[in-house]
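K.L.:
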Amino acid sequence: MAIFGECFRISLSTAMAYRANFIMVMTILFFSNTLFPLVTILIYGSGSGFPGWTFYEVLLIQAVFTISSGIGEVFFNGLFWNTNFAIRDGLFEVSLLKPVNALFWGVVSSIQPTGISVVLGGVAMAAVALAHTAPLTVASVSMAALLFLCGVSVTFSVTCFMSAISFKWVGNSRIPEMFGSILDFAKYPQDVFPLAVRGFTTIVMPVAMIGYYPAAALLGRADGASFVAIVPCAIFSVFAIWFYQKMIHRYEGVGG
Amino acid sequence: MRPVEAIVRRLRILRAVAFVTYKEWSAYRTHSMVSIIVGPLYFVVQYFIWNAVYGNAAAHGDTALHGMEFSQMLVYFGVNALIGYLTMDFADWNLQMLVGTGKYLTFALRPIHHRFFAFSQKVGHRILGFFFEFVPCLLIFLFLFRVPLVPPQPLWAALSIGLSFLMTFFVNYCIGLSAFWFVRASGIRSVYTILNSVFSGALIPLVFFPETVQRILFFLPFQYILYVPAMVCTGSYRLGGISLSLARIVGLQALAVAAAALLSEALYRAAMRRFTGVGA
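Here the protein sequences line up with chains A and B, keeping their order. Residue numbering for the first sequence is 1 to 256, as defined by our numbering. Residue numbering for the second sequence is 1 to 280, as defined by our numbering.
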């Protein structure tokens, strides 16, 4: 935690060195993320919508997804770019020489304070959505919090997978695009997808936990399946960390 | 030099630069092939979303949303993905990088307009995209998803996509030229990327926007980049309550491209008056 705290402080100081750029990037990120539900707004504006879901309920799913992505942006999404660039430039040895776990170092050295604006954008969307949905209960908030933590762990696991693939697919900057297209499934009510897709997004690669299940819990729509989905999340996370550690062995470098 | 000789010379330069760019990027062809996964997945998500939305609309007695049937919507998103592979451009990033690092100086000394050089690079890069992104995804859309992607008016569609290719390049080049005025121009590029993704029709057909916004879009470059060619491929065009024949909208697109080309030239000349170099 001491290393983490120190790294966070350094990241913040670095960002503050270019204050104007920091504020501009934060502003752009904030507005670009609040544009994310635009498609949903226009669909509902056309008089149609997703069957069984009001506009604000769908907005809540997308808000939870945005908050989870924002947390990833602040704390660990930079792991992919750090790993990717270090492998490409033959500098990954620097991480391996540190007296801490390489994955841990990769995470703490990639903190990006600008991601806070994504979290704020998501919180603003969630506030608007919750103001128009059924009142929250202690039980629904507790359930949602548990599922949200699982969703964050899935986001982290996806980052681990992307980073691990970089050891084999050197220098490919399009790996996030590939995983991003799978994450698109997590942004909408899962019942619009057929059973096979839902099975994939709940069990094989539980991305539905990032947005859908926590939002469903907040809306009082959580069922047994939501809690069963915690198990694949745990397995997915453990496998992602193991995969990253395993792929480190593939790294070949000659001293940068 | 006679005009014909000048054209032949320029074509030779274009071919040489495009060929070198093609060879250079061929080393990273598997990066391009990521599109073979991303494109179909993007389409599958769109399919299920719009299937649910149109199903809901049908339950209320509507088979069309803003004049678009479900089948037309699928063609729109299929074409939308494919056009991106043909017109993708990074002239803005490239020029900003050259100016930021000072490497632009080497181009200022060459006996060739940098814009033409950048355009030739784009041609080479997109020929690679044609083979490793467009063709595989087209085959998947046609034979696996069975989306009827053959345009009803192929010539107008080809012309519109060609104009979109030029429009993307000229607009991106103008964004890249901003680097001559701003030390860090990446913010401008980010803002443009967001605006383009919203107003080009990449996320949703523009007919879903409020009518006032739709009318304003006639005077902005965004719809000529994606919405116009995508709609021409579906066989009809409508925006802001105005329906135009394919010939008219493609003509309008050609005028917009000419305006963008003139703007890029004016900005280029202004940028050259500002440019100072001290060796690269």
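Glycine residues also receive a C-beta, built at the ideal position from the N, C-alpha and C atoms. Being a predicted model, the structure only gives us computed values, none of them experimental.
1) Starting from the beta carbon of P51(A), find every residue of chain B whose beta carbon is closer than 8 Å, and list them in chain order.
2) Expressed to the nearest angstrom, what Euclidean distance is found between the alpha-carbon atoms of G67(B) and Y47(B)?
3) Residues of chain B with a CB under 7 Å from the CB of M178(A): which are they?
4) Can you give me, in chain order, the residues of the stretch 7-38 of chain A that have a beta carbon less than 8 Å from any beta carbon in chain B?
5) According to DSSP, is M24(A) part of a helix, a strand, or is it coil?
6) In chain B, which residues lie less than 7 Å from R174(A) when you measure between Cβ atoms?
7) In terms of residues, what are the limits of the alpha helix (DSSP H) holding R12(B)?
8) How is the alpha helix (DSSP H) around R9(A) delimited, first residue to last?
9) Is the beta carbon of G220(A) closer than 9 Å to that of Q300(A)?
10) Using CA coordinates, which residue listed in I241(A), A222(A), I3(A) is at the minimum distance from A139(A)?
11) Taking only runs of the alpha helix (DSSP H) that begin and end inside the stretch 37-106 of chain B, which ones reach a length of at least 4 residues, in chain order?
12) Going along the chain, which residues of its own chain have a beta-carbon closer than 6 Å to the beta-carbon of I273(A), five neighbours each way excluded?
13) Of the residues L195(A), F22(A), L35(A), V39(A), which one's Cα is nearest the Cα of I116(A)?
14) Could you say if the stretch 172-179 of chain B and the stretch 84-95 of chain B meet the contact criterion of at least three C-beta pairs nearer than 8 Å?
15) If the criterion is Cβ atoms closer than 9 Å, does the pair S264(B) and R110(B) meet it?
16) Can you pull out the residues from the stretch 191-217 of chain A whose beta carbon lies closer than 9 Å to at least one beta carbon of chain B?
17) Could you check where the alpha helix (DSSP H) with L60(A) kicks off and where it finishes?
18) Relative to the C-alpha of P232(A), which residue among S32(A), A215(A), L103(A), T202(A) is closest?
19) Counting pairs of Cβ atoms below 8 Å between the stretch 81-101 of chain A and the stretch 33-49 of chain A, do you hit three or more?
20) Using beta carbons (cut-off 9 Å, strictly below), is F209(B) in contact with chain A?
21) Check whether the Cβ of W276(A) lies closer than 9 Å to any Cβ atom in chain B.
22) Pull up the distance between the alpha-carbon of S181(A) and that of M162(A), whole angstroms please.
23) Among all the DSSP beta bridges, which residues are the ones paired with S243(B)?
24) For the stretch 66-99 of chain B, enumerate the residues whose C-beta is nearer than 9 Å to any C-beta of chain A, in chain order.
25) Beta-carbon within less than 6 Å of L18(B)'s beta-carbon, same chain only, minus the 5 sequence neighbours each way: which residues are those?
26) What distance in whole Å lies between the Cβ atoms of A256(B) and Y224(B), which are believed to be in contact at a cut-off of 8 Å?
27) What separation, rounded to the nearest whole angstrom, lies between the Cα atoms of G90(A) and R274(B)?
28) Is the CB of I216(B) under 9 Å away from at least one CB in chain A?
29) By the criterion of Cβ-Cβ separation under 7 Å, what are the contact partners of I49(B) in chain A?
30) Since I61(A) meets chain B, which of its residues come closer than 9 Å, beta carbon to beta carbon?
31) Grab the span of the alpha helix (DSSP H) containing E133(B) for me, first residue to last.
32) Using 9 Å as the threshold, is the C-beta distance between G78(B) and F43(B) below it?
33) Measuring CA to CA, which of F145(B), V213(B), C174(B), N196(B) is closest to S71(B)?
34) Within 8 Å, do at least three Cβ pairs link the stretch 238-245 of chain A to the stretch 156-171 of chain A?
35) Less than 9 Å between CB atoms is the rule here; does G122(A) satisfy it with respect to chain B?
36) Considering only their Cβ atoms, is the gap separating L147(A) from P214(A) smaller than 9 Å?
P.N.:
Working from what's here:
1) What P51(A) touches in chain B: A52, G55, N56, A59.
2) Going from the Cα of G67(B) to the Cα of Y47(B) covers about 18 Å.
3) Against chain B, a Cβ distance below 7 Å from M178(A) picks out V34, I37, V38.
4) Residues passing the 8 Å Cβ filter: N21, M24, V25, I28, F31, S32, L35, L38.
5) In the structure shown, M24(A) adopts helical secondary structure according to DSSP, grouped into three states.
6) Neighbourhood of R174(A) in chain B, by CB distance below 7 Å: H31, V34, in chain order.
7) Counting along the chain, the alpha helix (DSSP H) containing R12(B) begins and ends at 3-26.
8) Its alpha helix (DSSP H) spans residues 2-17.
9) Outside the shown range of chain A, which is 1 to 256, sits residue 300(A), and nothing can be said about it.
10) Sorting I241(A), A222(A), I3(A) by C-alpha distance to the C-alpha of A139(A) places A222(A) at the top.
11) As far as the stretch 37-106 of chain B is concerned, its whole alpha helix (DSSP H) runs of at least 4 residues are 70-87, 91-101.
12) Residue 273(A) lies beyond the stretch modelled for chain A, which goes from 1 to 256, so this question has no answer here.
13) The shortest Cα separation from I116(A) among L195(A), F22(A), L35(A), V39(A) belongs to F22(A).
14) Yes, the stretch 172-179 of chain B is in contact with the stretch 84-95 of chain B.
15) Not in contact: S264(B) and R110(B) (Cβ atoms no closer than 9 Å).
16) Correct list: D191, V192, F193, P194, V197.
17) Residues 55-75.
18) That would be T202(A), whose Cα lies nearest to the Cα of P232(A).
19) No: the two stretches stay apart, fewer than three of their Cβ pairs being nearer than 8 Å.
20) Yes - at least one Cβ of chain A is within 9 Å of the one on F209(B).
21) With chain A represented from 1 up to 256, any question about residue 276(A) goes unanswered, as that position is not in the structure.
22) Going by the C-alpha atoms only, they are around 13 Å apart.
23) DSSP output for S243(B) lists R238(B) as bridge partner(s).
24) Of all residues in the stretch 66-99 of chain B, those with a C-beta nearer than 9 Å to a C-beta of chain A are H66, reading in chain order.
25) The sequence shown places Ala at residue 18(B), rather than the Leu named in the question. Counting only Cβ-Cβ distances below 6 Å, and skipping sequence neighbours, we find S120, V123, G124.
26) Yes, they are in contact, since the Cβ atoms of Y224(B) and A256(B) sit about 5 Å apart, within 8 Å.
27) G90(A) and R274(B): Cα-Cα distance of roughly 39 Å.
28) Not closer than 9 Å to any Cβ of chain A, the Cβ of I216(B) fails to qualify, so no.
29) The answer, in chain order, is Y188, V192.
30) None at all; the shortest Cβ gap to chain B is about 13 Å.
31) Careful: E133(B) lies outside any alpha helix (DSSP H) and carries neither H nor E.
32) Taking a C-beta distance under 9 Å as the contact criterion, G78(B) and F43(B) qualify as a contact pair.
33) That would be F145(B), whose Cα lies nearest to the Cα of S71(B).
34) Output reads yes: the stretch 238-245 of chain A touches the stretch 156-171 of chain A.
35) Chain B contact via Cβ: absent.
36) Against a cut-off of 9 Å, the Cβ pair of L147(A) and P214(A) comes out as a contact.
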